Every structure is written in C-alpha cells, then in structure tokens.
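Residue 100 is where the sequence shown starts when you use my numbering, and the numbers rise one by one after that.
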Amino acid sequence: MIGHESVAGRKATDWATLGAIVSGGSAIDLPRLEITEESGARSFLTGYGLDPEQEGDRAELAKILRLARTFIEEVLLPWHALTEIPSQLPDRPVDLLLSASRITDPMRAWSCSMLRVCHAVAHALFLPGRDKVTNALAQVESRFREHLNEEDGRPYLGDLPLHSIRFKSGKPWNSLLMKLLCKKDNVAEEIYDHLGVRIITRSKVEALEVVRYLRDHHLVPFPNVKPSRSTNSLLDLEGLQARHVQLWQELEDGRIDPATYLARLEEFASQPFLPVDRRRNPFSDPDRRALQFTARVLIRHETQGSVERFFFPFEVQILDKTSWEAGLRGRASHEEYRARQREDARRRVFPWADPSGAEDVAGDGATPKDQVVLMEHRILPGSDPRHRLFQQNPPA
100 MIGHESVAGR
110 KATDWATLGA
120 IVSGGSAIDL
130 PRLEITEESG
140 ARSFLTGYGL
150 DPEQEGDRAE
160 LAKILRLART
170 FIEEVLLPWH
180 ALTEIPSQLP
190 DRPVDLLLSA
200 SRITDPMRAW
210 SCSMLRVCHA
220 VAHALFLPGR
230 DKVTNALAQV
240 ESRFREHLNE
250 EDGRPYLGDL
260 PLHSIRFKSG
270 KPWNSLLMKL
280 LCKKDNVAEE
290 IYDHLGVRII
300 TRSKVEALEV
310 VRYLRDHHLV
320 PFPNVKPSRS
330 TNSLLDLEGL
340 QARHVQLWQE
350 LEDGRIDPAT
360 YLARLEEFAS
370 QPFLPVDRRR
380 NPFSDPDRRA
390 LQFTARVLIR
400 HETQGSVERF
410 FFPFEVQILD
420 KTSWEAGLRG
430 RASHEEYRAR
440 QREDARRRVF
450 PWADPSGAED
460 VAGDGATPKD
470 QVVLMEHRIL
480 PGSDPRHRLF
490 QQNPPA
C-alpha cells in the first residue's frame, strides 16, 4: 500500500522529471538530474538504450560524447562569456550524469549543457537507416520523373512550365542537431524534411496549378498529407477562389477574353498574404512566401529477399520565382534563418550563461567530415538531371 510517506519530502528535481513525463515537457530543459550513485547512472544509461558494460555500447557512448563536444566547440561557442569547454568537465557519460545531479558540483551547469547536446546527438545518430532514406528518395523521385520533361531548355511537370525543380535527401549533420535542439516540446520529435521536393513556378497562380496537378495525378497521396504540417503563406486561397468565380462568369459572358482573365487572376494572386495563425516555424521570416505540406508515401524496401513496407514523410514546397528570389535576400535568407536558429539553440543549451559578455558569433562548423548523407540535384535549363552531390557521414 502506498502511504503519504512516498510523496512527502520529494526533491524539486524529482517532481520536475515527473512533470516532463506527464505534462509534455522536455528532458533537455531540466535544470539538473537526480542520480546520486554510479550504479544509478549506469542503470539510467542502460534504460536509455546504451549499456556502459557492453563494449559496443561503450563505443557508441564515446562517439556521442565526442560529436557533442565538437558541435559545442564549432557551432555554439564562443557565445557571450563562454569561450571554450572547461578542461575539468568529466569525459565519461557516467561522470557527466553524476555531475549534473550534484548541486555543489562546480561543473554541474556545464555537465547539464553537454548532456543536452548528447541527447540531440543520440537522436540524430539513431534515426531510421540511411539506406531506407536513400531508397525512399529514389521512389519519390521516380513518381515525379514520369511526369517531368524538358522543352526548349525549360522543365515541365506534365504540360505545366516550371522555373525549376529540386529533390533533396538528408540534412547536414550540424543542421540536424540544431533542428533537434530547437524543438521546444521534445528533442525526439520527428524530422519531416529529410526528403524534400521544391518546385519553383513562374507565377503564384501556376503554383496552385502545380498543387492541382500533384493531386490529380496522385504524385502526392492526398489521404496521407499531414494536416498540421500544411502551411500557406503564398496566396489568399479563399479570395482567389471567389475572384476566379467572378472572372470565370465574365469570361463565359464574353465580357473579357482569356488573356484578361488570366492577367486579372494573377493580379489578385500577387497581393501580399500571410495569415499569422499559419506560421508554424518560429525561425522563418514573416516575409517568406510558399505553399508547404508534408505527405507520407508508402515505401517498398527489399533486403535479402524479403520486402518491408513503411510510410516515410516527404516535404513539398512550392513557390513562384519572385518569392524564391526574395527568400535569397535579407531576413528571409537561409543564412538569417540559421543565425536565429543558432541563437535559440545556445539559449536552450546554456540557460545558465551570463549574457553580459560581448557576443562573438562562431561559424557553423559544417565541414564535410561532419555531415550525414546528403544527395540533391537540380533540374534547370542546361543542367544534367543525373548530377548528384554526396557528403560524408559523421565520423566513425
């Protein structure tokens, strides 16, 4: 029987971990842990999935710690008064867990920060096998390839002219860690943009026509679109529908010709549009314009004579040429996006840091040896659609 003694006098950190489990919090945001003995630290690691008594698991733990140190040194530091990782910081996972649990330990704050990044590294390393990602990309790309052609140096989706189309697979290693660290609810959230298709059209109306084509030809399996991942900051869909009905009636009545119909529809579509409640990414700039959604495709993966099927998400982004070019400049650029993301990750990893010092922004440290598999290519006028750019896995 559970008596009142079982809850009386419990420490604050004990309640904090309970809250992280039942209230949707994240272990990354805990101020410290509650592990008092080495046996408890070993049990914690075993429960996490890596047994420090097993040689293979010890090697994985050492790799996680090494990659976490590299990420902190090359990406997050220097920042404010923090210039380097202290030499006194424990170099074993068990010792880090104990240090992060002791209020009087001078390295407690640093140990907590290192463990936060280790947690992200573990989730980045143990994502679904990269062979599956590569296979999924090939199958998604083949669905589109059947509908792509080129005429006079311009790519077409069916009979729809495009400015360009790009497929990508994988995320650079540091970008993947940054994204995991910036997820507020839980570092273990699914990463949806390992696979992606970006389609750039000549106009906003043509962007909507691309969506219609993807739906009608089942290139995007409509029932498998994830509703919470759909955003529209490109055009006023309801307003455009109403305008289309009005102009179509005028066209049928002979009051306007087809060229005028299209010109007025494009004129309406070109008006700025960004509903505040549809912004899901806190790091995206308000000026960014795109249609974006995520669909899951059923992948057939054959290995050693057996067949495995699994749903894999891929992200589709559609925008017109003007919006795409605008996104390459100013606050909407990828560099500005990364800077905002890095600042948020620093605050989350080092919540204890003194902000009074002068900030010195480090480079992103994205060297080729610290990358996960990345394959992408463009289909642009004059380019070879078979081109691939490969980057290496994280160091073994």
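Built from N, CA and C at the ideal position, the CB exists for glycine as well.
Values in this document were obtained by computation on a predicted structure and should not be read as measured data.
Beta carbon of residue i nearer than 8 Å to that of residue j
i, j, result
"Lys-303", "Ser-369", "yes"
"Arg-201", "His-262", "no"
"Val-415", "Val-296", "yes"
"Ile-299", "Leu-418", "yes"
"Phe-410", "Leu-294", "no"
"Tyr-360", "Leu-346", "yes"
"Leu-236", "Leu-247", "no"
"Ile-171", "Val-220", "no"
"His-218", "Ala-362", "no"
Closest by C-alpha distance to residue i, when choosing among the options
i, options, result
"Ala-438", "Val-174, Thr-145, Ile-184 and Asp-128", "Val-174"
"Arg-165", "Ile-184, Gln-153 and Tyr-147", "Ile-184"
"His-222", "Pro-192, Ala-237 and Met-277", "Met-277"
"Gln-238", "Gly-148, Arg-408, Arg-446 and Val-448", "Arg-408"
"Thr-330", "Ala-394, Ala-219, Ile-355 and Leu-188", "Ala-394"
"Met-213", "Phe-143, Glu-250, Leu-280 and Arg-244", "Leu-280"
"Cys-88", "Glu-133, Val-324 and Pro-254", "Since the first residue shown for the chain is 100 and the last is 495, residue 88 is missing from the structure and cannot be characterised."
"Val-516", "Gln-187, Lys-231 and Leu-427", "A question about residue 516 goes unanswered here, because the residues of the chain that appear run from 100 up to 495."
"Pro-509", "Val-344, Arg-363 and Gln-391", "The question about residue 509 has no answer, for the chain in this structure spans 100 to 495."
"Ala-444", "Leu-275, Gly-139 and His-246", "Leu-275"
"Met-206", "Ala-219, Tyr-147 and Asp-190", "Asp-190"
"Val-324", "His-343, Gln-403, Asp-335 and Val-310", "Val-310"
"Asp-335", "Gly-353, Phe-321 and Pro-371", "Pro-371"
Span separating the alpha-carbon of residue i from that of residue j
i, j, result
"Trp-399", "Leu-313", "For clarity, residue 399 is Arg in the given sequence; the question names Trp instead. Looking at the two C-alpha atoms, the distance is approximately 21 Å."
"Leu-176", "Glu-159", "24 Å"
"Val-448", "Glu-424", "34 Å"
"Leu-259", "Leu-226", "36 Å"
"Asp-156", "Leu-224", "13 Å"
"His-179", "Lys-162", "28 Å"
"Arg-141", "Leu-149", "9 Å"
"Ala-306", "Arg-388", "11 Å"
"Asp-376", "Leu-333", "Interpretation of Asp-376 is limited by its pLDDT of 48, a score under 50 that renders its predicted location unreliable; no figure is taken from the coordinates."
"Arg-265", "Val-319", "16 Å"
"Trp-451", "Ala-208", "7 Å"
"Glu-366", "Leu-129", "51 Å"
"Ala-461", "Ala-199", "Note that Ala-461 scores 34 on pLDDT, short of 50, meaning its location in the model is unreliable; the coordinates nonetheless yield the value given after this. Each residue's Cα considered, the two are about 26 Å apart."
"Glu-154", "Thr-145", "13 Å"
"Gln-440", "Leu-397", "32 Å"
"Arg-446", "Glu-136", "29 Å"
"Tyr-147", "Leu-188", "22 Å"
"Gln-348", "Ala-341", "11 Å"
"Ala-358", "Lys-267", "36 Å"
"Glu-401", "Asn-234", "9 Å"
"Ser-138", "Leu-181", "32 Å"
"Glu-240", "Asp-204", "53 Å"
"Val-344", "Ile-355", "13 Å"
"His-316", "Arg-244", "12 Å"
"Glu-442", "Leu-427", "20 Å"
"Asn-273", "Glu-351", "56 Å"
"Ser-186", "Thr-169", "14 Å"
"Tyr-436", "Arg-328", "19 Å"
"Ala-465", "Leu-364", "In this predicted model, Ala-465 has a pLDDT of only 32, less than 50, meaning its place in the structure is not dependable enough to derive any value."
"Phe-143", "Ala-167", "19 Å"
"Gln-490", "Glu-434", "Confidence is the limiting factor: at Gln-490 the pLDDT is only 31, short of 50, which leaves the residue's position unreliable, though a coordinate-based value still follows. Each residue's Cα considered, the two are about 20 Å apart."
For residue i, the first and last residue of its enclosing alpha helix (DSSP H)
i, result
"Phe-367", "357 to 368"
"Ala-306", "303 to 315"
"Arg-165", "154 to 170"
"Phe-225", "Taken as a continuous stretch (DSSP letters only), Phe-225 belongs to no alpha helix (DSSP H), as it is neither H nor E."
"Met-277", "272 to 280"
"Arg-201", "No alpha helix (DSSP H) contains Arg-201, which DSSP labels as neither H nor E."
"Phe-449", "Careful: Phe-449 lies outside any alpha helix (DSSP H) and carries neither H nor E."
"Arg-141", "137 to 147"
"Gly-338", "336 to 351"
Start-to-end residues for the beta strand (DSSP E) that takes in residue i
i, result
"Pro-192", "Careful: Pro-192 lies outside any beta strand (DSSP E), inside the alpha helix (DSSP H) at 192 to 198."
"Gly-295", "294 to 300"
"Phe-409", "405 to 419"
"Leu-247", "247 to 250"
Residues that residue i bridges to, as DSSP identifies them
i, result
"Ala-394", "Val-324 and Phe-413"
"Ser-263", "Ile-299"
"Glu-401", "Val-406"
"Leu-256", "Leu-247 and Leu-259"
"Leu-181", "Trp-178"
"Asn-331", "Leu-390"
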